[in-house]
Amino acid sequence: MKVSVIKKLNSKSDKSIASSNKKAFIFSLEMTFAVFLVTTILLVASYYSSKQTDDPFAKLQVLRLGEDIIAVMDYSNTLTTFNTQAIHTQLDQLLPVNYQMKITINGTFSENGGYIETNQSLPTDRFIIAGNRIIVKSDASSFGVVKYYMWLR
Amino acid sequence: MRINNKGVFFTLGLTLFALVVLSLGILVLNYSTSDEDTVATLNTIDRMYELKTSIEHGFSQIFNAKSGITVNITNQTVEFKENLPNANNGSFNTKMTSFEDFVERNFPNVAIDLLEIKNEVPLIITPSNVTYRHKDFGGKEIRIEGKGILSYKITVIISENITGCEIDDFEPGNTNLSMFAFGTFGTSCVVSERVDPSEDADVEIDGVAGENISIELDNNIMKIKAKGGATIHSVLGFNTSQALHIEYPNALNIDYPDFGVNIKTGIKII
């Protein structure tokens, strides 16, 4: 009798232990699945976020800075000297220290066969803004198209 | 095997959180795309403005260098000075045509219409909307058209003796009309009256050979006609607190069809 009770008791605790193990197993399985699901979704979310580009309004401000510099050089008649040295000198005075600019001018003037450019090289590894402007010499003898390129040093 | 309710709720809760983060990521991407479109349009408008102002500056340089017309603007007056007939019409028109061709060749999205400008050189005084023009540029007649002129001061210099000048057939009004004529050997005469510019008023300046200059004012249009050669100096007074400018009429068209941006505008020269 005692033996059968003990055997019965043992089988009950065995069942309880087995049930707990199964619960823990299921719980771990659900945790793993949840972590896997959440990680996947977060990775997709970060992928979408990373596709956002840099602030485009900041680039617009750089363009406006370039426009202002070229306009000042036009109204001070520096560009219509068609002299690269004079253009370099004023450009060095106007350009902020962390920016670089290249200027080309082509037109109906006689200096250098109607084409001059400053000696900077365009970088290949960063964002460059570009613009252009029409210029006319003060005595109306020559016209030109100024193209300018500006980038962060 | 019983499913653990707590585990299910935990899974669902975390999934919901992750979906919220994903939605935020997609929203951020959508807004940045919209920002880029806005900046692209602003970029185009900026470039259009820069092109417009540089073309205007070019036309201003040509006008000052080649037209033979001197313009001075103060707070409330605009002053024009030129010789009649204006001998610069040929070189002025040639230079204007060259510049038009140069701009349109280098910027295909720009169209310039200079027909009226080359024929009459109409100079519109803004914001008063008064026009100083020539019947035919290079001819002997100037026209000043428009209402709102407070005073006309016309100075004429001719290369013969002045024998007399008079004003007739005028209606009294609130507009000052002053005419000063200077000839050779110190001869001169003055006419000054307050007139109504909407009604007829005629001024004649006579030289040795008869009538030399006539100034006809009617219906707010003043016609200054020179029979021989003369230097005409016209000062127009305005009652305005806004800055006065000079521009050519609607002659400049800039079009960026890809961005849906287009302007047709006058050309500000002073």
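Protein sequences, first through last, are from chains V and R. Letter by letter, the first sequence follows residues 5 to 157 of my numbering. Letter by letter, the second sequence follows residues 1038 to 1307 of my numbering. Here a beta-carbon is modelled for each residue, glycine too, at the ideal position from N, C-alpha and C. All values derive from a computational prediction rather than experimental measurement.
- Nearest CB-CB separation between D1150/R and chain V: not below the 9 Å threshold.
- Under the three-pair Cβ rule at 8 Å, the region 1207 to 1224 of chain R counts as touching the region 1181 to 1195 of chain R.
- Nearest neighbour of K1177/R by Cα position, chosen from P1209/R, I1250/R, N1198/R, K1043/R, turns out to be I1250/R.
- For G1050/R, the closest alpha carbon among the candidates N25/V, S32/V, V39/V, A28/V is that of V39/V.
- Interface with chain V (9 Å Cβ-Cβ cutoff): E1087/R is included.
- For F1296/R, no chain V residue has a Cβ inside 9 Å of its Cβ, as the nearest lies near 14 Å away.
- Residue environment for A1238/R: buried (at least 16 other C-beta atoms within 10 angstroms of its C-beta).
- Boundaries for V1115/R: no alpha helix (DSSP H) harbours it, while the beta strand (DSSP E) harbouring it runs 1114 to 1121, taken from the DSSP string.
- By the neighbour-count criterion, in which 16 or more other beta carbons inside 10 Å mark a residue as buried, T82/V falls on the buried side.
- According to DSSP, residue pairing for E1182/R in a beta bridge involves T1168/R, I1258/R.
- For I1082/R, same chain residues with a beta-carbon under 7 Å away, outside a window of 5 residues either side, are V1298 in chain order.
- The region 1136 to 1154 of chain R and the region 1114 to 1128 of chain R do not touch, with fewer than 3 CB-CB distances between them shorter than 8 Å.
- In chain V, no part has a C-beta under 8 Å from the C-beta of F1174/R; the shortest such distance is about 17 Å.
- E1087/R counts as buried, since no fewer than 16 other beta carbons sit within 10 angstroms of its beta carbon.
- For D1243/R, the number of other beta carbons within 10 angstroms of its own is at least 16, and it is reported as buried.
- DSSP places G1201/R within a strand segment (E or B) once states are collapsed to three.
- G1210/R carries a strand assignment under DSSP once its states are collapsed to helix, strand and coil.
- Closer than 9 Å to the CB of V1045/R there is at least one CB belonging to chain V.
- Beta bridge pairing from DSSP links S142/V with no other residue.
- Beyond the five residues adjoining it in sequence on each side, H1282/R comes within less than 6 Å, by CB distance, of T1163, K1305 in the same chain, given in chain order.
- Under the Cβ criterion of 9 Å, K1103/R is counted among the residues facing chain V.
- By the 16-neighbour rule on beta-carbons within 10 angstroms, K106/V is buried.
- The continuous alpha helix (DSSP H) containing S1128/R extends over residues 1126 to 1143.
- The three-state reading of DSSP puts N1276/R in coil, since its state is none of H, G, I, E or B.
- For T88/V, the enclosing alpha helix (DSSP H) stretches over residues 88 to 98.
- Beyond the five residues adjoining it in sequence on each side, Q94/V comes within less than 6 Å, by CB distance, of M77, T82 in the same chain, given in chain order.
- Taking C-beta atoms as the reference points, I1181/R and L1289/R fail to come closer than 9 Å.
- The Cβ-Cβ distance between K1118/R and T1134/R does not fall below 9 Å.
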